[in-house]
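Numbering (our numbering), first residue to last: 1 to 235.
Please read the structure below before turning to the comments.
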Amino acid sequence: MEHLFMTSVKGIEYIIAVIFLFTFIVFWRVLNIGGIPAMESLSVAAGGVVKKIGDMVDWFLVPDRLYFHPGHAWVKVEDGDVVRVGMDDFAQKLVGKIDALNLPKVGSTVSQGERGWTVHLGSKSVDLLSPIDGKIVAVNEALFNAPKHINEAPYEEGWLMKVKVPRLSANLKNLLSGNLARRWMEEVSGNLRLRLGANLGLVYQDGGLPVEGLAKNLDRDKWDEIAKEFFLTLD
């Protein structure tokens with residue numbers, strides 16, 4: 001009996017040791033690899049009231065009540081059939097500091113899934129797809145002098161343009177929102193991790209958040225082609 005008791009105790013100790021080791025590995029990876037648990041809620045305090053603005057899916061913010069195009073543009077429905085459009089958090093973190101951009105002129109039209117605007121970074125440029133069909137009714141002129149707003153606040157001051165969309169319901173059916181958008185961002189983030197591979201440890205600031213310009217950590221000479229792959233604009 002004593003032998004059986006000692007065996008049982010050792011078995012329990014082994015299980016506890018395994019659980020402790022597993023917990024330690026997870027904790028170590030969070031600290032050193034920089035992974036942020038998916039679906040972490042992000043809230044801000046406004047006027048003393050805490051307001052949930054969206055979820056962090058790994059490294060990237062996915063706000064509530066927005067629609068996302070697979071080419072990494074977002075749409076926010078405003079007045080009637082007018083929407084606000086911008087680049088998502090993944091897009092701005094992938095390309096990094098934006099030096100300038102070309103936006104369509106007010107009065108011109110854009111088509112869903114076709115080239116919508118161009119961002120310039122140093123000597124290279126990258127096109128992004130328009131998430132909707134419609135006529136441009138306003139552009140964010142502040143970005144011409146301060147494109148940094150796109151990097152600092154892609155869903156707020158970094159918005160790009162307002163578009164009047166005649167077929168709004170049909171357009172929105174082709175976009176992602178809610179849980180579907182968050183699952184999509186999980187998949188995109190997973191694909192990025194696979195691409196980063198051995199370079200994963202080089203993209204973090206002090207083991208925390210990723211540095212801006214993730215694509216440049218994959219290939220400094222051909223980073224624009226990598227960005228175009230994710231933006232669905234690679235020829």
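A virtual CB, placed ideally from N, CA and C, is assigned to each residue, including glycine.
Quick caveat: nothing in here was measured; it's all calculated off a predicted structure.
- Out of VAL106, ARG220, GLY96, the CA that lies nearest to the CA of GLU152 is found in GLY96.
- Contact check for ILE226 against LEU168 fails: the beta carbons are separated by 9 Å or more.
- Between the segment 78-87 and the segment 178-195 there are fewer than three C-beta pairs closer than 8 Å, too few to call the two in contact.
- Looking from the CA of ASN171, the closest CA among GLU78, ASP58, TYR67 belongs to TYR67.
- Judged by their CB atoms, VAL139 and LEU103 are nearer to each other than the 9 Å cut-off.
- Short of 6 Å from the beta carbon of HIS120, and not among the five residues preceding or following it, lie these beta carbons of its own chain, in chain order: ASP99, ALA100.
- Residue pairing by DSSP places LEU61 opposite MET56 in a beta bridge.
- Where ARG183 is concerned, the enclosing alpha helix (DSSP H) starts and stops at 178-196.
- A straight line joining the alpha-carbon of PRO70 with that of LEU128 spans about 10 Å.
- In the DSSP assignment, ALA142 is bridged to no other residue.
- A direct Cα-Cα distance of roughly 12 Å separates TRP117 from HIS72.
- Between GLU157 and LYS148, the alpha-carbon positions lie close to 10 Å from each other.
- In the three-state reduction of the DSSP assignment, VAL165 falls in the coil class.
- The three-state reading of DSSP puts LYS97 in coil, since its state is none of H, G, I, E or B.
- The C-alpha of GLN92 is placed about 17 Å away from the C-alpha of ARG195.
- Here GLY134 is buried, its C-beta having at least 16 other C-beta atoms within 10 Å.
- When DSSP states are grouped into helix, strand and coil, LYS222 belongs to the coil group.
- Counting along the chain, the unbroken beta strand (DSSP E) around LYS76 starts and ends at 73-77.
- Spatial neighbours of THR109 in its own chain (CB-CB distance under 8 Å, excluding positions within 5 residues in sequence) are listed in chain order as ASP133, GLY134, LYS135, ILE136.
- For the pair ASP224 and SER130, the CB atoms are not nearer than the 9 Å cut-off.
- No Cβ-Cβ contact shorter than 9 Å links LYS173 with VAL83.
- Contact check for LEU214 and LEU94: beta-carbon distance about 5 Å, within the 8 Å limit, so the pair qualifies.
- Taking ARG115 as the centre and dropping the five residues before and after it, the same chain places the C-beta of ASP127, LEU128, LEU129, SER130, THR233 closer than 8 Å to its C-beta, in chain order.
- A direct Cα-to-Cα measurement between TRP184 and ASP235 gives close to 23 Å.
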